[in-house]
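K.L.:
Residue numbers (the working numbering), protein chains in the order written: chain R, 30 to 279; chain D, 30 to 279; chain G, 30 to 279; chain P, 30 to 279; chain C, 30 to 279; chain L, 30 to 279; chain B, 30 to 279; chain S, 30 to 279. Ideal placement from N, C-alpha and C gives every residue a C-beta, glycine not left out. Values in this document were obtained by computation on a predicted structure and should not be read as measured data. Take this structure first; my questions come after.
There are 8 protein chains.
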Amino acid sequence: MDASEIELLLKSVHEGQTSTSTALERLKNLPFEDLGFAKVDHHRDLRQGFAEVIYGRGKSPEHVAGILRSMLSARKTGNILITRANLQIWDAVHEIYPKALFHELSQSISLRRSKAILGKGTILVVAAGTSDIPAAEEAVVTAETLGNRVEFIYDVGVAGIHRLLRHRKQLCAARVIICVAGMEGALPSVVGGLVAAPVIGVPTSTGYGTSFGGLTALLAMLNSCSSNVSVVNIDNGFGAAFVASTINRA
Amino acid sequence: MDASEIELLLKSVHEGQTSTSTALERLKNLPFEDLGFAKVDHHRDLRQGFAEVIYGRGKSPEHVAGILRSMLSARKTGNILITRANLQIWDAVHEIYPKALFHELSQSISLRRSKAILGKGTILVVAAGTSDIPAAEEAVVTAETLGNRVEFIYDVGVAGIHRLLRHRKQLCAARVIICVAGMEGALPSVVGGLVAAPVIGVPTSTGYGTSFGGLTALLAMLNSCSSNVSVVNIDNGFGAAFVASTINRA
Amino acid sequence: MDASEIELLLKSVHEGQTSTSTALERLKNLPFEDLGFAKVDHHRDLRQGFAEVIYGRGKSPEHVAGILRSMLSARKTGNILITRANLQIWDAVHEIYPKALFHELSQSISLRRSKAILGKGTILVVAAGTSDIPAAEEAVVTAETLGNRVEFIYDVGVAGIHRLLRHRKQLCAARVIICVAGMEGALPSVVGGLVAAPVIGVPTSTGYGTSFGGLTALLAMLNSCSSNVSVVNIDNGFGAAFVASTINRA
Amino acid sequence: MDASEIELLLKSVHEGQTSTSTALERLKNLPFEDLGFAKVDHHRDLRQGFAEVIYGRGKSPEHVAGILRSMLSARKTGNILITRANLQIWDAVHEIYPKALFHELSQSISLRRSKAILGKGTILVVAAGTSDIPAAEEAVVTAETLGNRVEFIYDVGVAGIHRLLRHRKQLCAARVIICVAGMEGALPSVVGGLVAAPVIGVPTSTGYGTSFGGLTALLAMLNSCSSNVSVVNIDNGFGAAFVASTINRA
Amino acid sequence: MDASEIELLLKSVHEGQTSTSTALERLKNLPFEDLGFAKVDHHRDLRQGFAEVIYGRGKSPEHVAGILRSMLSARKTGNILITRANLQIWDAVHEIYPKALFHELSQSISLRRSKAILGKGTILVVAAGTSDIPAAEEAVVTAETLGNRVEFIYDVGVAGIHRLLRHRKQLCAARVIICVAGMEGALPSVVGGLVAAPVIGVPTSTGYGTSFGGLTALLAMLNSCSSNVSVVNIDNGFGAAFVASTINRA
Amino acid sequence: MDASEIELLLKSVHEGQTSTSTALERLKNLPFEDLGFAKVDHHRDLRQGFAEVIYGRGKSPEHVAGILRSMLSARKTGNILITRANLQIWDAVHEIYPKALFHELSQSISLRRSKAILGKGTILVVAAGTSDIPAAEEAVVTAETLGNRVEFIYDVGVAGIHRLLRHRKQLCAARVIICVAGMEGALPSVVGGLVAAPVIGVPTSTGYGTSFGGLTALLAMLNSCSSNVSVVNIDNGFGAAFVASTINRA
Amino acid sequence: MDASEIELLLKSVHEGQTSTSTALERLKNLPFEDLGFAKVDHHRDLRQGFAEVIYGRGKSPEHVAGILRSMLSARKTGNILITRANLQIWDAVHEIYPKALFHELSQSISLRRSKAILGKGTILVVAAGTSDIPAAEEAVVTAETLGNRVEFIYDVGVAGIHRLLRHRKQLCAARVIICVAGMEGALPSVVGGLVAAPVIGVPTSTGYGTSFGGLTALLAMLNSCSSNVSVVNIDNGFGAAFVASTINRA
Amino acid sequence: MDASEIELLLKSVHEGQTSTSTALERLKNLPFEDLGFAKVDHHRDLRQGFAEVIYGRGKSPEHVAGILRSMLSARKTGNILITRANLQIWDAVHEIYPKALFHELSQSISLRRSKAILGKGTILVVAAGTSDIPAAEEAVVTAETLGNRVEFIYDVGVAGIHRLLRHRKQLCAARVIICVAGMEGALPSVVGGLVAAPVIGVPTSTGYGTSFGGLTALLAMLNSCSSNVSVVNIDNGFGAAFVASTINRA
C-alpha cells in the first residue's frame with residue numbers, strides 16, 4: 030500500500046464512501062502492510078518470485094510436512110527448497126509430493142514446480158576437493174531452485190593449479206562464482222584473481238586438527254588478496270547461492 | 030590474445046610476413062597474455078576499465094609517488110585510488126596531481142580523471158554509528174572512484190530502528206547495499222530483511238572490551254538470519270565497495 | 030535470627046528461663062543463621078518465599094527423587110522447579126508428585142503448589158527463532174514457577190522486523206523483558222531500543238559454523254548499542270528468569 | 030499518535046475540516062511518530078525523563094561541545110552525562126557549562142541540572158580492588174546523573190572475605206547491586222549468594238597475562254553459581270548503571 | 030655413581046684390579062646411571078618410595094593387566110594407582126589383584142599394599158559443587174595411595190559462603206589444600222584468603238556454554254587475587270594430589 | 030614443451046610442414062602441457078617416482094576400491110598408500126590386492142609393489158608417549174611406502190630425559206627426524222638441540238583439558254627454541270613423512 | 030572466640046555480671062572477630078610473620094609512599110616488597126627509606142628490615158633464557174624478602190639440555206623449584222622429571238608470533254608430562270615465589 | 030670424546046702415565062663433552078661449521094657488542110649473524126667490525142668472514158607481497174650467512190597466478206623453497222603443488238582485522254593441501270632459513 034493508495038482511501042472517506050471505522054481498520058496495520066511483507070512469514074523464507082525455503086535441521090518430519098502442505102496450498106506455483114533435511118524428512122516430503130527430488134550429498138530436497146530461468150547470467154560453483162562437494166551441491170541445488178542457470182567444476186584445488194586453469198574460459202564467462210573450499214581455503218583468492226565477476230567464498234568444515242571445523246578456511250577467505258571476494262558462514266552453500274541469486278537477478 | 034589472434038599470427042608466420050623469432054617472442058608470453066593479465070601488475074590492482082588502486086599502508090611517500098607517476102604516464106585516462114594513506118603520502122600525491130582529493134576520515138586519496146558512470150544501479154552505503162563512518166567513507170570513495178552512483182545513510186543503528194525504517198524506499202531502490210557496523214554488528218540482518226538486493230557486511234573495529242577489535246561484529250554478520258548477506262574483512266570498506274562494483278557492473 | 034531475637038534469648042538466659050547450655054546450642058550456629066541462610070542448602074536454591082530449584086543435569090533419577098522428597102516433607106508449600114531434567118527423572122518425579130508438569134522442549138519439570146503472584150509486573154519472554162524456543166520455554170517455566178505473570182512472543186527475528194514491531198505495545202508494557210536469540214544475537218539490541226525496561230539477553234547455541242555454540246550471539250549481546258541490556262550464559266533461560274524475578278519482585 | 034487520534038483525523042477528513050492532502054502528510058510519517066521516538070535522536074541517548082548521554086571516546090572537543098550546546102538549548106532541564114571524556118573535552122565543556130563536574134578516575138563529566146531522585150531504592154556499587162575503581166566510579170556517576178540514590182563499597186575482594194561480610198546489612202538493603210571486579214571476577218558470585226536483589230557484574234580489564242583484558246573476569250561472571258547475576262561488557266560501568274536505573278525506576 | 034665411586038674405579042684400574050675394558054663398559058653408561066633413573070621406566074611413574082601409577086585412558090584391559098603384573102612382580106611392596114580406568118580395566122585388575130578397590134566416581138583403581146603414612150601433615154580436598162566430586166575423588170584417592178592423611182569437604186561453593194566458613198578450622202589446619210571447582214572457579218581465591226598454606230586449584234569441566242569445558246574456571250584460578258594459589262590442568266585431580274604429596278613429604 | 034620446441038614448431042609452420050590448424054591445436058594446451066602435470070590427477074597424489082596416496086577418510090569402500098583399481102591398472106609398478114582408512118575399506122582393498130598390509134594403530138594400508146630405497150639417508154621417527162604411536166606409525170608407514178629407510182624410537186618423553194639421551198647416536202645419525210608428541214609438545218625442542226639435522230614436529234591430539242586437541246603441542250613446537258624445527262598439522266604423520274621424503278631424496 | 034568463651038559469656042549474663050546489652054554487642058560481631066582477620070587490610074598483603082607487599086602497577090608514587098609510610102609506622106619490623114614499580118616510585122621510596130633496594134630487571138623494590146630465614150629448605154629459581162630473567166628476578170627478590178634461602182640458575186633452556194644436566198645436584202637439593210620459561214615452556218617438564226620436589230612453572234611473555242604473550246608457554250606447562258608441576262599466571266614471578274614460600278615454611 | 034678416547038685415557042691410568050686425579054677431572058665432565066656440545070654456549074647458536082647467531086631483540090647495544098667481541102676473538106673464521114637488531118645495535122657493531130652489513134628491511138646484520146658455499150643446492154625464497162619482504166629478507170640474509178646459494182622471487186601473490194607461473198623453472202630447480210606470505214597464506218599451497226622439493230612456509234603478520242597478526246596465514250599453511258609443506262612461527266624468516274640450511278647441507 031503506497032501513498033497513492035492511502036490518498037484514494039482518504040478521498041473515499043472524505044466522500045463518505047468508506048466509513049471512518051473501516052478506514053481506521055485498514056490504516057491500523059499500515060506500517061507493516063506498507064513494508065510489503067505480508068507474504069514473508071517464515072524466518073529464512075524468500076521474497077515473492079523466488080522460491081520458498083524450509084530449514085530442515087531440528088525440525089521433525091511432521092513439522093516439515095505441515096509447513097510444506099501449507100506452502101503448497103497457499104501458492105500453486107513456485108519452487109520449494111528444503112535444506113539440511115534427512116531421510117525421515119525425505120520420506121514425509123516424498124509422500125506429499127512424489128516429484129520432489131532428494132539430493133543426498135547435501136541432504137537437500139527440491140520441489141521444482143517451475144523451470145523458469147529468472148537470473149540473467151550463469152552462477153558457477155567451484156569446489157576445491159571431493160570433501161567440499163556436499164556444500165557445493167547445496168549451493169547448486171539452491172541456485173537452481175531459485176531459478177538460475179548453474180554450472181559447476183569440482184576437484185580443482187590449488188595444489189594442482191593447472192586443473193583450475195584449464196577452466197579459465199568457463200570461469201570468465203560466469204556472472205557470479207561460488208568458491209567452496211576447506212583446509213587452507215585458498216581457492217577464492219586464485220579464482221578471484223582470474224575473473225572480474227564477484228566471488229562468494231564458502232569455507233567448509235573439511236579437514237582436521239587446525240582446520241578447526243572450517244575456521245581456518247573462513248579466516249583465509251576473509252583475508253583474500255583478491256578484492257572481489259566476499260564470504261558466508263562455514264558450510265553455508267545455501268547462503269552463498271542465495272546471495273548469488275540476488276546478484277544474478279539484479 | 031585469443032585463439033583467432035594466434036591463428037592470424039600462425040598464418041602470418043606461414044606466409045612469411047612474420048619471422049619465426051618475432052613469433053616466438055610473442056608466443057613466449059602466451060600463457061599470461063592469454064589470461065588477459067598484461068595490465069595487472071600490482072597486487073591489489075583492478076581489472077582494465079576499473080580504476081587502479083594503491084594500498085598505502087606501509088609504503089613510503091616516495092614509493093607511492095613512484096607508483097603513481099608510473100600509472101599516470103602509462104595510462105592517460107581512468108581513475109586512481111590510494112587507500113590507507115596518510116598526510117605525508119597526501120603531500121607527495123598532491124604535488125604530483127593537484128586535483129587529487131584527500132578524504133580525511135578514511136585516509137583515502139582519489140584521482141578522478143573520469144566521471145563516467147560504469148555501474149548500472151546505485152550502491153548504497155549504510156553505517157550504524159558515527160564511529161563506523163571511516164570505513165563507510167572508504168566504501169563510498171572506492172565505489173565512486175570505480176565509476177558507480179553512490180548514496181549513503183549514516184547513524185542508523187538498530188537501537189533506534191525507526192531511524193532506519195524512515196529510509197525504506199532508498200534501501201529498496203539500491204542495487205547493492207553495503208552495511209557498515211561495529212559493536213554487535215546487527216545492521217546487515219535488519220537491512221537484509223527489508224530488501225531483495227545483495228547486502229555486503231563490513232564489520233568495524235568500533236567498540237571496546239568484548240568487541241575484540243571487530244571480531245564480534247564479524248561473527249554476527251556471518252551468522253545473519255538474513256540470507257542475502259555476505260561479509261568482508263574487518264574495516265574493509267574498500268573490499269566491500271570493490272565487490273559491490275563487480276555486482277553493479279554485471 | 031536478628032538482633033532482637035538474640036536480645037530476647039539473652040534476657041531469657043539472664044532471667045533463668047533458658048539454660049546456658051541451651052542458649053549455647055542456639056548461638057553456636059549464629060553466624061550462619063544470622064545470615065538468614067538456614068534453608069539454603071542446595072547450590073542453586075532460591076531464597077525463602079521463592080520456589081526451590083533442582084539442577085537435574087548429571088543427577089540420577091534416584092538422586093533427584095531423594096532431594097525432592099526431602100523438599101516436599103520439609104516445606105508444605107511453595108513451588109519446586111527441576112531444570113535440565115530428562116524422561117527418566119520425569120518418571121521418578123511423576124511417581125512422587127503426580128500433579129507435576131513436564132515441559133518437554135526445555136526439559137523442565139514444575140511442581141506448582143501455589144499460584145500466588147509475587148511479582149509486581151509482567152515478565153515478557155521474546156524469542157527470535159523456533160530453535161530458540163527451548164531456552165525461552167525454560168525462562169517462561171522458571172518465571173512462572175517463581176510466581177510471576179509471564180507472557181511470551183516467539184519467532185520475531187530481526188530479519189523480519191515488522192513481525193516484532195507488531196508487538197510494540199506488549200513490549201512497552203512489560204516490566205522486564207527476556208530476549209532469547211541465537212545466530213547473530215541482534216534481538217536484544219532492537220528490543221532494547223523500543224522499551225525503557227531492563228532487557229536480559231539469553232544467547233542460544235542455535236546455529237552452525239561460526240555461531241560457535243552460542244558464543245557469537247553472546248558477544249553480540251555484550252556489545253549491544255542499547256544500554257538497557259545485560260546478559261546471562263548461553264542457553265541459560267533459567268538464570269535470565271531468576272534475575273527477572275528479582276527485578277520484578279523489588 | 031494512537032488509534033483514537035487517527036480516528037479523530039479521519040473524522041475531520043470525513044467532515045471536510047481537514048483536506049485529504051494534509052491528512053496524507055500527517056499519516057505518511059505515522060509508522061514512526063506512532064513509535065513515539067521523536068525525541069530519541071542520538072545513538073545511546075536515554076528516554077525522556079532520564080538524563081542525556083554523550084559517548085566521548087573518539088569525538089573531538091568541538092564535536093562534543095556542539096552536541097552539548099544543542100542539548101542545553103533544546104531542553105532547559107534534565108541532567109547530562111559525558112562518558113569516556115578527556116581533559117580536552119573537559120576544557121570545552123567547562124567553558125560552556127562552568128558548573129559541570131569532571132570525575133577524573135572514570136573520565137566522566139556530569140551536568141547536574143536536577144537533583145530529583147527518580148529511582149525507588151538504592152543502587153549499591155561494590156568494587157573488588159583499587160584498580161576496579163575507575164569502572165566503579167563510572168557506574169556511580171552514571172547512576173547519580175540518572176537520578177538514583179547511590180552508595181558504594183570499594184576494595185572488598187574475595188581474598189579477604191571478612192571485609193565483604195562486614196557490609197552484609199548494606200548489601201541486603203540495596204535494591205540493585207553493581208559488582209565491579211577484574212582478575213578472577215568472583216565478587217558477583219559471593220555477593221549474589223548474600224542477597225536477594227539483582228546483581229549486575231562489570232568485569233574490568235584489571236590484571237595481566239591470562240586476565241586477557243577482562244575476558245577472564247567476564248567469563249567467570251557469566252558462569253556464576255549465583256543465579257541472580259547478569260553481566261555487561263568489560264569496563265562498562267555506564268551500561269551497568271543504566272540497566273540498574275531501569276530496574277530501580279520500575 | 031658419584032665422583033668418589035669414579036675415583037675408586039680409576040684407582041682400581043690404576044692398580045690393575047679392574048681391566049681397562051671392564052672399566053670402559055662401566056663408564057660408558059655413566060651419564061645415565063649417574064642420574065639414578067634406572068627404576069623410572071614409565072612415563073608418569075612416581076619416584077621410589079611413592080606409589081606407581083598407570084594412566085588408564087586409551088589403554089586396553091590387556092595392556093593395563095600386563096603392566097600391572099610386571100609391577101607386582103618387580104616390587105613386592107608399595108601402592109599402585111590406575112587413573113582414568115573403566116569397567117573393563119577394572120575387571121582385568123580385579124582378577125589379578127582381588128583386594129584392589131574401584132572408585133567409581135573418578136574411575137580410579139587403587140591397590141593398597143601399604144597403609145604407611147609418608148606425608149607429614151594433612152592434605153585437604155575441597156570441592157565447590159556436586160559435579161566437581163569426580164575430580165575431587167581422583168585427588169583424594171591419589172593422595173591416599175601416595176601415603177598421605179587426606180580429608181575432604183564437598184559442596185561448599187562460594188554462592189553460599191557460610192557453608193565454607195563453617196569449616197574454617199579444618200581449612201587452617203591443613204598443610205596443603207586442593208580446591209576443585211568448575212563454573213566461575215572462585216573457590217581457590219576465597220579459600221586462599223582464609224589460610225596460610227599452599228592452595229592447588231583444579232578447574233573442572235563442570236558447566237555449560239561459556240564454561241568452555243573448564244577453561245573459564247582455569248583462567249579464573251590463574252588470576253586469583255590470593256597469592257598462595259597455583260593451578261593444574263582441567264579435571265587433573267591426580268596431578269594436584271601428586272603436587273600436594275611432594276609438598277607434604279618435604 | 031620448452032622454447033626450443035616452440036621454435037621448431039614455428040619453423041615447421043613457416044616451412045609449411047605443419048598446418049596452421051595443427052599448430053594451433055598444439056599451442057592451445059601449452060600452458061598446461063608445459064607445466065608437465067599430465068599425470069597429476071588426484072588431489073594429494075604424489076609426483077612421479079613416489080608412491081600414490083589415497084586419503085581414506087570420508088570415502089566409501091566402493092569409492093576407494095574404484096580409485097585403487099584405476100591406479101593399479103594405470104601403473105604396473107610403484108607403491109600405493111591409503112591413509113585414514115577403516116576396516117570396511119581394508120576389506121575392500123584386501124579383496125583387490127591380497128598382499129596389501131593393514132597398519133592397525135594408524136589405520137593405514139600399504140601396497141608395497143617395490144622395495145626400492147629412493148632416499149639417501151635414514152628417516153628417524155621419535156615419539157614421546159604411547160598415545161603418540163598412532164601418528165608416529167602413520168609417519169613410519171608413509172616414509173617406508175615412499176621408499177625410505179626408516180627407524181623409530183617410541184616412549185621417550187622429556188619427563189625422563191635419560192631415556193632419550195640413551196639414543197643420542199641414533200639421533201645424530203639420522204638425515205631427517207620426525208618428532209611426534211602431544212601434551213606440552215617439548216620433544217622437538219630437546220631433540221633439535223641434540224642434532225644438526227632438520228626436525229619435523231608432529232603435534233598430536235593426545236591429552237585432555239587444555240591440550241585442546243593438540244593445539245598446545247602445536248603452539249609449543251612453533252615456538253621451539255631449537256632453530257632446526259618446522260611443524261605440520263596436528264596428527265599429520267603422513268605430512269611429516271612426506272616432507273621428510275622430499276628432504277631425504279634431494 | 031570459641032564455644033568455651035561463648036559459654037563463659039553466657040554464664041556471666043546468667044549470673045548478672047554482664048548486662049544483656051553488653052553481651053549483645055559482643056555477640057553481634059562474632060562472625061568476623063572469630064575469623065581473626067583484623068590485621069589483614071590490604072588486598073595482596075601477606076599473613077603476619079611474612080613480609081608485606083605493595084603491588085605498584087597503576088599506583089602513583091604518592092599513593093605508594095602513603096601506603097609505605099603507614100606500613101613502616103604500624104610495624105617496626107618485617108620486610109616490605111613493592112612489585113611492578115618504576116623509577117618514579119623508586120625515587121619516592123628511596124627518599125622514605127634510603128636502605129631500600131631497587132631490582133632493576135624486575136622493577137621490584139625490597140626493604141629488608143630482617144635477614145631472618147623462615148623457610149626450612151632452599152627455593153631454587155631456574156630460568157630458560159635471558160629474556161626470562163625479569164620474571165625470574167621477581168621470584169628471587171620475592172622469595173628472599175619473604176625469608177627464604179634462594180638460589181638461581183639462569184639460561185638453561187631445553188635446546189641445550191647438557192647445560193641443565195650440569196646442575197643436577199643443585200636441582201635435587203632444592204625443596205621447591207620455580208621454573209621460568211617463555212616460548213615453548215618446556216623447562217618445567219624436563220626439570221620436573223629430574224627431581225622429587227614440587228615444581229612451580231612461571232610462563233613468560235617472551236617470544237613473538239604464536240607465543241601469544243606467554244599463552245603458549247602457559248598451556249605447555251599445564252600439560253606437562255611431569256606430574257609434580259603446577260602453574261601460576263604469565264610473568265607472575267611474585268606469585269610463584271609466594272606459593273614456594275608457603276611450601277617452604279610448612 | 031668418544032669411546033676410543035676414554036679407552037686411551039683408561040690405559041694411560043692403568044700404565045701410570047696419567048694420575049687418578051687428572052683422569053677424574055677429565056671424566057667428571059664426560060657426559061657433556063661426550064655430547065659434543067662444548068662450543069654450544071648461546072641459546073640459539075649454531076652448530077660448528079655453521080655461522081654463529083645473536084638474537085638482537087631485547088639486548089642492549091653494549092650487550093650485543095660484548096657477545097660479538099667474544100665471538101670474534103674466540104674464532105677467527107666463520108660468519109656471524111645478528112637478527113632483530115636496530116640502528117643502535119648497528120652502530121655498535123659497525124664500530125667493532127666495519128665490514129659488517131646492515132640489512133635494513135629485516136633489521137639484520139651480517140658479518141661475512143667466509144664466502145664458502147656449504148650447501149649443495151639452491152635455497153629459493155618466494156614472497157607473496159611487498160609487505161612480506163622483511164621476513165623474506167631475513168630468510169635470504171640468514172641462508173646466505175649460513176653458507177648457501179640463495180635466490181629470491183618477490184611479489185608473486187596468488188591473486189595474480191600468472192606472475193608466479195612465469196618462474197616455474199626457477200621453482201623446480203631449487204633444492205628447498207621458503208614461501209613467505211601473510212593475509213590468506215595461500216602461496217605455499219600453490220608453490221608446493223608445482224615442485225617436488227620441500228617447501229617451508231613462513232606466515233607473516235601482514236594484514237589487518239582477521240589476519241590476527243599472522244595467525245590466519247599460519248593456520249592456512251598448516252592446512253595446506255600440498256603435502257610437501259611444513260611451517261615455522263609467524264615472521265620467523267630466520268628459522269625457515271635455518272631449517273632450509275640443515276636440509277641443503279645434508
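1) Below 8 Å between beta carbons: does that hold for residue 175 of chain G and residue 200 of chain G?
2) Assign residue 136 of chain R to buried or exposed, taking buried as 16 or more other Cβ atoms, counted over all protein chains shown, within 10 Å of its Cβ.
3) Would DSSP call residue 97 of chain B helix, strand or coil?
4) So with Cβ pairs under 8 Å, would you call residue 43 of chain D a contact of chain L?
5) Just to confirm my understanding: we take residue 272 of chain C, look at its own chain, exclude 5 residues before and 5 after, and list those with CB closer than 6 Å. What are they?
6) Relative to chain G, which residues along the region 157-168 of chain C have a C-beta separation below 9 Å, given in chain order?
7) Suppose the cutoff is 6 Å on Cβ atoms and the five residues either side in sequence are ignored; what does the same chain contact list for residue 236 of chain S look like?
8) When we look at the beta-carbon of residue 88 of chain R and count the other beta-carbons within 10 Å, is it buried (16 or more) or exposed?
9) With 16 other CB atoms within 10 Å as the buried threshold, where does residue 168 of chain G fall?
10) Considering only their Cβ atoms, is the gap separating residue 208 of chain P from residue 188 of chain C smaller than 8 Å?
11) Which residues in chain L have a C-beta closer than 7 Å to the C-beta of residue 153 of chain B? List them in chain order.
12) Taking residue 206 of chain S as the reference, give the member of S:251, S:94, S:156 with the closest Cα.
P.N.:
This is what the structure gives:
1) Residue mapping note: residue 175 of chain G aligns to position 146 of the third sequence, counting from 1. Residue mapping note: residue 200 of chain G aligns to position 171 of the third sequence, counting from 1. No; because the gap between Cβ atoms is not below 8 Å, this pair is not in contact.
2) Stepping through the first sequence from its first residue, residue 136 of chain R is reached at position 107. Buried.
3) Counted from its first residue, the seventh sequence places residue 97 of chain B at position 68. Judged by DSSP in its simplified three-state form, residue 97 of chain B adopts helix.
4) One-based indexing of the second sequence puts residue 43 of chain D at position 14. At least one chain L Cβ lies under 8 Å of residue 43 of chain D.
5) Walking along the fifth sequence from the start, residue 272 of chain C turns up at place 243. Counting only Cβ-Cβ distances below 6 Å, and skipping sequence neighbours, we find 229.
6) Listed in sequence order: 157, 158, 159, 160.
7) As a first step, residue 236 of chain S is located in the eighth sequence; it is residue number 207 there, counting from the start. Within the same chain, residue 236 of chain S has close Cβ partners 211, 212.
8) Numbered from 1 along the first sequence, position 59 holds the residue referred to as residue 88 of chain R. Under this definition residue 88 of chain R is a buried residue.
9) Numbered from its first residue, the third sequence carries residue 168 of chain G at position 139. Residue burial annotation: residue 168 of chain G is buried, with at least 16 other C-beta atoms found within 10 angstroms of its C-beta.
10) As a first step, residue 188 of chain C must be located in the fifth sequence, where it is residue number 159. As a first step, residue 208 of chain P must be located in the fourth sequence, where it is residue number 179. If you check the CB distance, residue 188 of chain C and residue 208 of chain P do not come in under 8 Å.
11) As a working mapping, residue 153 of chain B is identified with position 124 in the seventh sequence. None at all; the shortest Cβ gap to chain L is about 18 Å.
12) For this step, residue 206 of chain S is matched to residue 177 along the eighth sequence. Taking only the C-alpha atoms, the option nearest residue 206 of chain S is S:156.
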